[in-house]
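Here the structure comes first, spelled out in structure tokens, and everything after it is commentary.
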Amino acid sequence: MTYYYKGFPQSDRDEKISMINVDELEERAKKVMPEGAYYYIASGAENEWTWRANTSAFNHYQIVPRALTDMQDPQTDTEFMGMKLKTPIMISPIACHGIAHKDAEVATQKGVAAAGALFSSSTYANKSVEDIAAVAPEAPRFFQLYLSKDWDFNKMVFDAIKKADYKGIFLTVDALVSGYREANLRTKFTYPVPLDFFTRYLGAKGEGQSVAQMYAASAQKIGPEDVARIKKESGLSVFVKGVMCAEDAYKAIGAGADGIYVTNHGGREIDGSPATIDVLPEIAKAVNHRVPIVFDSGVRRGSHVFKALALGADLVGIGRPYLYGLALGGPKGVESVIDQLNTELKINMQLTGCKTIEDIKHAKISRIHYGLDAMPSNTDPSRMKPYPTTAENQIKSTNTDAVTGASQH
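So the mapping is simple: the working numbering equals the position in the sequence shown, first residue as 1, plus 11.
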């Protein structure tokens, strides 16, 4: 069935998803999501070279199988910042889960908690941190901070996440302005569902925020001193999110960061930047186990999780696949995506003799470079396929801007 928020269609499903791999969910999600919302999730910046390279560059690294290991029944349990998790797979923060499901981040948190994974929510979430926490009070969660120019807004956020028992902050430093996301421009996308922190701070003016409005409100100037200030005012651990070179890892740790988050925002910011897996070894060497490392961007396979762990990550985040799972199956759909990747990860563990996640960190990895593709963007008009029309993915134009997919306010 489909629920409508002021004419915008939202899935209300809660069912397990059958899949062979998580990639196939991308095409299936089109049947339950409006075109603008789908491409907001699916697309990257400019020609999407980095978006594609994030996944294809995992082929630069090869898992070396091991024989006669006398091992079976590998275990994916791990510990991170004192939190016990059933998997090293983490839910990376993404704005506005309400474009995928009517229960938005609340539904995502349910699925993540059921899978025993770490949840992280965005400053630009639809649901309140209180509602997210209430649905799974004992589940571990982190908060992704888009630092605001307005420190009264920041203080409101800090107070709320501490009361909601968030365990730490991922400070985003790689998205000070929005990347040139051509698919969003082609579909004239704006956020069709209110973002909680904007609404509670701005009242009615906080509804229907555009991407440009969100980024305009965030700080475009962030330096080492901000890490210390955020730690002091929030009282929480702070990871610097968006580190892509050793120099910045040194700088972040020197500023007091409690962890490093290696990401290029899923290829949504600078097109032509390196794939995250290619820079991870350099960063891990610079960090030298002084603080934990979180990694994401391009992860689509259990083997990708394995390689990232073997090359220095402590947790490995997924992004787009779980939002497709959310649209197709709600909480249980999110759980299904994590379960699928865990299944693949365990196969890799068995075939390399890795009984534990700690064992993966000492696994043998080879490195042979393969050429990356130079194909045009998937959202280039020359490659875009006709978008499917279904009863579930159509905007009711009575109360919405049928062009942009945004609710009228």
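In this text, a Cβ means the ideal position worked out from N, Cα and C, and glycines have one as well.
Keep in mind that this is a model prediction, so the values were computed, not measured.
Residue i classed as buried or exposed, judged by whether at least 16 other C-beta atoms fall within 10 angstroms
i      : result
Gly234 : exposed
Ser132 : buried
Thr87  : buried
Asn299 : exposed
Gly246 : exposed
Ile31  : exposed
Arg192 : buried
Asp325 : buried
Lys243 : exposed
Glu90  : exposed
Tyr14  : exposed
Ser393 : exposed
Gly265 : exposed
Glu355 : buried
Lys252 : buried
Glu236 : exposed
Arg152 : buried
Ser221 : exposed
His112 : buried
CB-CB length for residue i against residue j, believed under 8 Å
i      : j      : result
Arg378 : Tyr72  : 6 Å
Leu206 : Leu182 : Rounded, the Cβ-Cβ distance is 19 Å, inconsistent with contact.
Gly190 : Glu280 : 4 Å
Met255 : Tyr212 : At roughly 31 Å, the Cβ-Cβ gap does not stay under 8 Å, so Met255 and Tyr212 are not in contact.
Ser103 : Gly328 : 4 Å
Ala321 : Ala297 : That pair is no contact at about 17 Å.
Close-in-space but distant-in-sequence residues of the same chain around residue i (CB under 7 Å, 5 per side omitted)
i      : result
Met92  : Lys178, Gly179, Ser248 and Pro303
Met225 : Tyr135
Lys121 : Val146, Ala147 and Pro342
Gly364 : Arg77, Thr80 and Met82
Pro20  : Thr13, Pro45, Glu403, Asn404, Gln405 and Ile406
Spatial neighbours of residue i in its chain, beta-carbon cut-off 6 Å, leaving aside the 5 residues before and after
i      : result
Ala239 : Gly267
Ser314 : Asn359
Ser284 : Thr61 and Asn275
Thr415 : Only weak support is given to the placement of Thr415: the predicted model assigns it a pLDDT of 48, under 50, and the value that follows is read from those uncertain coordinates. Excluding sequence neighbours, Thr415 sits near Lys199 and Thr201.
Arg24  : Gly340 and Gly341
Ile110 : Ala48
Lys375 : Val75
Ala413 : Because Ala413 carries a pLDDT of 41, less than 50, the predicted location of this residue cannot be relied on, and no value is offered for it.
Thr400 : none
Val348 : Val33, Pro332, Tyr333 and Gly336
Ala230 : Leu158 and Lys160
Ala286 : Ala64, Asn65 and Ala68
Gly277 : Ser308 and Gly330
Ile368 : Thr89 and Pro99
Candidates the options, of which the one nearest residue i by Cα
i      : options                           : result
Lys232 : Lys242, Ser189, Val184 and Glu38  : Val184
Asp307 : Asn165, Ala295, Leu322 and Tyr272 : Tyr272
Phe69  : Phe250, His112, Ile349 and Ala319 : Ala319
Gly45  : Ala338, Val117 and Thr98          : Per the sequence presented here, residue 45 reads as Pro, with Gly not at that position. Checking every option, the nearest Cα to that of Pro45 belongs to Ala338.
Ala175 : Ser29, Ala147 and Lys27           : Ala147
Arg197 : Gly364, Ala56 and Asp170          : Ala56
Ser29  : Ala115, Glu346, Pro392 and Leu362 : Glu346
Lys173 : Glu141, Leu187 and Leu352         : Glu141
Gly2   : Asn404, Ala171, Lys27 and Tyr16   : For the chain, the structure presents residues 12 to 420; residue 2 sits outside this window and is missing.
Pro397 : Leu362, Val316, Ile288 and Lys42  : Lys42
Leu187 : Leu352, Ala223 and Phe209         : Ala223
Phe169 : Ile241, His112 and Pro203         : Ile241
Ala228 : Ala194, Glu59 and Phe164          : Phe164
Leu291 : Phe317, Ala263, Ala257 and Lys113 : Ala257
Asp282 : Leu36, Glu38, Ile52 and Asn58     : Asn58
Gln155 : Pro203, Phe250 and Met94          : Phe250
Sequence-distant residues of the same chain with beta carbon closer than 8 Å to residue i, five excluded per side
i      : result
His108 : Ala115, Glu116, Ala118, Thr119, Ala136, Asn137, Lys138, Leu334 and Leu337
Ala128 : Leu96, Lys97, Thr98, Ile100, Met101, Ile102 and Ile349
Ala295 : Ile304, Leu322, Gly323 and Ala324
heavy atom of the ligand SAH below 7 Å from residue i C-beta
i     : result
Arg39 : This structure simply doesn't include the ligand SAH, nor any ligand for that matter.
Ignoring anything shorter than 3 residues or poking outside the stretch 254-301, list the beta strand (DSSP E) runs there in chain order. 270-273
If you scan the stretch 97-156 from start to end, which runs of the alpha helix (DSSP H) of 4 or more residues do you find wholly inside it? 115-126 and 140-146
Could you tell me which uninterrupted beta strand (DSSP E) segments, each at least 3 residues in length, are contained entirely in the stretch 191-217, listed from first to last along the chain? Segments of the beta strand (DSSP E) lying fully in the stretch 191-217: there are none.
List, from N- to C-terminal side, the beta strand (DSSP E) runs of 3 residues or more that fit wholly inside the stretch 356-384. 376-378
Suppose only complete runs of 4+ residues qualify. What are the alpha helix (DSSP H) ranges in the stretch 16-75, listed by chain order? Listed in chain order, the complete alpha helix (DSSP H) runs (minimum 4 residues) inside the stretch 16-75 are 35-40, 46-53 and 60-67.
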